[in-house]
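Visitor:
Protein chains in written order, with this note's numbering: chain P, 124 to 440; chain L, 124 to 440.
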């Protein structure tokens, strides 16, 4: 298998480029890693930092100079069009032309979404790309919840597709065999829920591509009842942010060292992949620290090495 | 002020009548309480228990014999019609005829809802009665979230009314002056959200009966940004059950003694009032223990003494 090539936007995130550099150093600490990392950003800013963190210009590193930066408050479409030499624009250019196999950034989220949708494009047959979040289970396992915000209003066929995309991610990236799919709902019985859930349930039940096990209630999210839970992006975003606040609560109560509660810290998950587009793209939190960057790189590597996007193309063929 | 009279279904809940009796004993421990409690249930089962818990037949207790019980699995409408001598049917009869001022039960939830809607009725002008949940804030305060499950699909005018009902409850029962109202949403900006939120935001903003402060994200629910947060009953129910699971997580991690995390234990809130109907009705968890029963009685007392329902009638007049 040829070496996987990952592009990382060194200028994205509130603490760029230093946390990106530190995260890259953590990632490269693992000598068994065989990826080639394209560091995209301002050469004059990156190079001294890379050197000071002991990152060698060896066979695992390429430098790609990007003299421009897209700021947090810039209009995504306008910025991408006007700043062709920004780290995000160059990253998407490298990805769309096949120079790299995955792209990660903690920069302007809107620009990342626009770039993903317009320069990478949706897999044929996918109605709506979606973003998932990982869910820490009390028994130590990890599940997936989607959509968590890309699609505030959904139709039943969207949720049905999220189930396929989430199952593929769980299988390819999380190594979960025949992942159990649940529908986030207000009760266990098939006829429960709002109109969306009532119409989605039969679609999931009839879908032979997934292993549907029924409804999952809010109280069951952290139990290991289902591996993949689907919902509309409005509900999912509320749940995601509530889950993130569990770590904040823990920290406020000085309980953040609890092994389980610590798993709600965003840094453990790195970033959010966009599922349903043709190549791996991972978007990080603006506040990403070194550990978050390291985990984004690992996630990108796993998505590329498992050929997640290729498998999605087959699923929707 | 004449003594408030509260009816309690002694036969409701998984541990009836013993937890109801113990809860009543806890409630009566407070000598300053001046309510008159109507104990509705099987006389032969209740009386020895009341005596063994030292509950005197004094000016604070009345016994109302109810020879029948509506079970958990019974069809609500059918059971209410056929079992006129059940504790729930008698409770609603006493309430609708003005013999008592409030009714609490941890029995068959469906029968409680049907009784509330058909024998007590909705306040004129209220489109949809709603059930709220109390939300423990990190700073020690308590807020309200509604609807949490009675109305899975909502229209903007429903959420606008929930804001009025929730504000009145926060003011009358929780003693919060000029309560701040938030709309549960996926972002802070006015134009954010699903179609429901986008259409609800301007209604809330123009509503002069409430103190609308804008959108509230999932991460802000436990912060003290708003006193009353409104959402559709689907989203609210997912949030409620997730919040309840925070206590379960705490218990699983042996952190349930944490002062804040313990506030997520359902027993602290007693039961759920139905807002928008003409008289105070409180529905308890099937698993209600003594502390939950005590808190349900306190809640009923506060709703009746503050004339919450009378104020709602004025709000919607």
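Where is the CB? At the ideal position from N, CA and C, for every residue including glycine.
Which partner residues does residue 225/P have in the DSSP bridge list?
Guide: Position 102 of the first chain holds residue 225/P. Looking at the DSSP assignment, residue 225/P forms a beta bridge with 129/P.
Visitor: At 9 angstroms on the CB atoms, spell out the chain L contacts of residue 383/P, in chain order.
Guide: For the purposes of this step, residue 383/P is taken as the residue at position 260 of the first chain. 372, 375, 376, listed in chain order.
Visitor: Could you tell me the distance, in whole angstroms, from the CA atom of residue 373/P to the CA atom of residue 390/P?
Guide: As a first step, residue 373/P is located in the first chain; it is residue number 250 there, counting from the start. As a first step, residue 390/P is located in the first chain; it is residue number 267 there, counting from the start. Rounded to whole angstroms, residue 373/P to residue 390/P spans 15 angstroms at the Cα level.
Visitor: Could you work out which residues of chain L lie near residue 317/P, taking near to mean beta carbons separated by less than 7 angstroms?
Guide: Counting from one through the first chain, the residue named residue 317/P turns up at place 194. Chain L residues near residue 317/P: 275, 276, 357.
Visitor: Give the straight-line distance between the Cα atoms of residue 262/L and residue 220/L, rounded to the nearest whole angstrom.
Guide: What you label residue 262/L is simply residue 139 of the second chain in a count that begins at 1. What you label residue 220/L is simply residue 97 of the second chain in a count that begins at 1. Linking residue 262/L to residue 220/L through their CA atoms gives a straight-line distance of about 42 angstroms.
Visitor: Could you give the residue range of the alpha helix (DSSP H) that holds residue 188/L?
Guide: Residue 188/L sits at position 65 when you count from the first residue of the second chain. Element bounds for residue 188/L: not the alpha helix (DSSP H) but the beta strand (DSSP E), 184 to 188.
Visitor: With distance defined between alpha-carbon atoms, name the residue in 231/L, 209/L, 253/L, 428/L nearest to residue 198/L.
Guide: Position 75 of the second chain, counted from the start, is the residue given in the question as residue 198/L. The shortest C-alpha separation from residue 198/L is found at 231/L.
Visitor: Residues of chain L with CB closer than 8 angstroms to the CB of residue 342/P, please, in chain order.
Guide: Stepping through the first chain from its first residue, residue 342/P is reached at position 219. What residue 342/P touches in chain L: 364, 365, 367, 368, 371.
Visitor: With a CB to CB cut of under 7 angstroms and the five nearest residues on each side skipped, what residues in its chain are close to residue 137/P?
Guide: As a position in the first chain, residue 137/P is number 14, starting the count at 1. Within the same chain, residue 137/P has close Cβ partners 409, 410.
Visitor: Output, in sequence order along the chain, the residues in the region 287 to 317 of chain L whose CB is closer than 9 angstroms to any CB in chain P.
Guide: 307, 308, 309, 310, 315, 316, 317
Visitor: Any idea if residue 153/P is buried or exposed, counting beta-carbon neighbours within 10 angstroms, 16 or more meaning buried?
Guide: Working through the first chain from its first residue, we reach residue 153/P at position 30. The residue in question, residue 153/P, is exposed, as its Cβ has fewer than 16 Cβ neighbours within 10 Å.
Visitor: Would you tell me roughly how many angstroms separate the C-alpha atoms of residue 149/P and residue 421/P, rounded to the nearest one?
Guide: One-based indexing of the first chain puts residue 149/P at position 26. One-based indexing of the first chain puts residue 421/P at position 298. In a straight line, the C-alpha of residue 149/P is about 11 angstroms away from that of residue 421/P.
Visitor: To which residues of the same chain is residue 325/P closer than 7 angstroms at the C-beta, ignoring the five residues directly before and after it?
Guide: Locating residue 325/P in the first chain gives position 202, counting from the first residue. If we look at residue 325/P and ignore the five residues flanking it on each side, it has no Cβ neighbours.
Visitor: Check whether the Cβ of residue 345/L lies closer than 8 angstroms to any Cβ atom in chain P.
Guide: Sequence index remark: in the second chain, residue 345/L carries index 222 (1-based). By this cut-off, residue 345/L is an interface position.
Visitor: Which residue from 309/L, 319/L, 346/L, 345/L puts its Cα closest to that of residue 338/L?
Guide: For this step, residue 338/L is matched to residue 215 along the second chain. The shortest Cα separation from residue 338/L among 309/L, 319/L, 346/L, 345/L belongs to 309/L.
Visitor: Go ahead and pull the three-state DSSP assignment for residue 352/L.
Guide: What you label residue 352/L is simply residue 229 of the second chain in a count that begins at 1. If DSSP states are grouped into helix, strand and coil, residue 352/L belongs with the strands.
Visitor: Between the region 249 to 272 of chain P and chain L, which residues of the former have CB atoms less than 8 angstroms from a CB of the latter, in chain order?
Guide: 261, 272
Visitor: If you pair each beta-carbon of the region 253 to 267 of chain P with each one of the region 163 to 178 of chain P, do three or more pairs fall below 8 angstroms?
Guide: no
Visitor: Taking C-beta to C-beta, are residue 193/P and residue 239/P nearer than 8 angstroms?
Guide: Mapped onto the first chain, residue 193/P falls at position 70. Mapped onto the first chain, residue 239/P falls at position 116. Not a contact, by the Cβ cut-off of 8 angstroms.
Visitor: Would you be able to state if there are at least three C-beta pairs under 8 angstroms between the region 209 to 226 of chain L and the region 362 to 371 of chain L?
Guide: no
Visitor: Using a C-beta cutoff of 8 angstroms, does residue 360/L count as contacting chain P?
Guide: Numbered from its first residue, the second chain carries residue 360/L at position 237. Taking Cβ atoms only, chain P reaches closer than 8 angstroms to residue 360/L, which makes this a yes.
Visitor: Using DSSP with H/G/I as helix, E/B as strand and the rest coil, what is residue 277/L?
Guide: Start at 1 with the first residue of the second chain, and residue 277/L comes out as number 154. In the three-state DSSP reduction, residue 277/L falls in the coil class, being neither helix nor strand.
Visitor: Are the CB atoms of residue 350/L and residue 228/L within a distance shorter than 8 angstroms?
Guide: Within the second chain, numbered from 1, the residue matching residue 228/L stands at position 105. Within the second chain, numbered from 1, the residue matching residue 350/L stands at position 227. No.
Visitor: Kindly list the residues whose CB is nearer than 6 angstroms to the CB of residue 135/P, restricted to its own chain and excluding five residues on each side of it in sequence; keep chain order.
Guide: Against the first chain, residue 135/P aligns to sequence position 12. In chain order, 228, 229, 230 place their CB closer than 6 angstroms to the CB of residue 135/P, counting only its own chain and leaving out the 5 sequence neighbours on each side.
Visitor: Applying the criterion that 16 or more other CB atoms from any shown protein chain within 10 Å of the CB defines a buried residue, is residue 380/P buried or exposed?
Guide: To locate residue 380/P, count along the first chain from 1; it is residue 257. With fewer than 16 Cβ atoms within 10 Å of its Cβ, residue 380/P is classed as exposed.
Visitor: Where does residue 209/L fall in DSSP's three states?
Guide: As a position in the second chain, residue 209/L is number 86, starting the count at 1. Strand.
Visitor: Report the three-state DSSP secondary structure of residue 255/L (helix, strand or coil).
Guide: In the second chain, residue 255/L corresponds to position 132, counting from 1. Correct three-state label for residue 255/L: strand.
Visitor: How about residue 360/L and residue 272/L: do their beta carbons lie closer than 8 angstroms?
Guide: Looking up residue 360/L in the second chain gives position 237. Looking up residue 272/L in the second chain gives position 149. Yes. Within cutoff.
Visitor: Taking all protein chains shown into account, do 16 or more other C-beta atoms lie within 10 angstroms of the C-beta of residue 248/L, making it buried, or fewer, making it exposed?
Guide: Locating residue 248/L in the second chain gives position 125, counting from the first residue. Around the C-beta of residue 248/L, fewer than 16 other C-beta atoms lie within 10 Å, and the residue is accordingly described as exposed.
Visitor: According to DSSP, simplified to helix, strand and coil, what is residue 376/P?
Guide: To locate residue 376/P, count along the first chain from 1; it is residue 253. Note: residue 376/P maps to coil in three-state DSSP.
Visitor: Have a look at 176/L, 126/L, 173/L and flag the residue whose alpha-carbon is nearest the alpha-carbon of residue 182/L.
Guide: The count along the second chain starts at 1 and reaches residue 182/L at position 59. Checked all of 176/L, 126/L, 173/L; the closest Cα to residue 182/L is 126/L.
Visitor: Taking a contact to mean a Cβ-Cβ separation below 8 angstroms, would you say residue 330/L touches residue 301/L in this structure?
Guide: As a first step, residue 330/L is located in the second chain; it is residue number 207 there, counting from the start. As a first step, residue 301/L is located in the second chain; it is residue number 178 there, counting from the start. No, Cβ-Cβ distance for residue 330/L and residue 301/L is not below 8 angstroms.
Visitor: In chain order, which alpha helix (DSSP H) runs of at least 4 residues are fully inside the region 143 to 181 of chain L?
Guide: As far as the region 143 to 181 of chain L is concerned, its whole alpha helix (DSSP H) runs of at least 4 residues are 166 to 175.
Visitor: So, with DSSP's three-state summary, where would you put residue 335/P?
Guide: One-based indexing of the first chain puts residue 335/P at position 212. Strand at residue 335/P.
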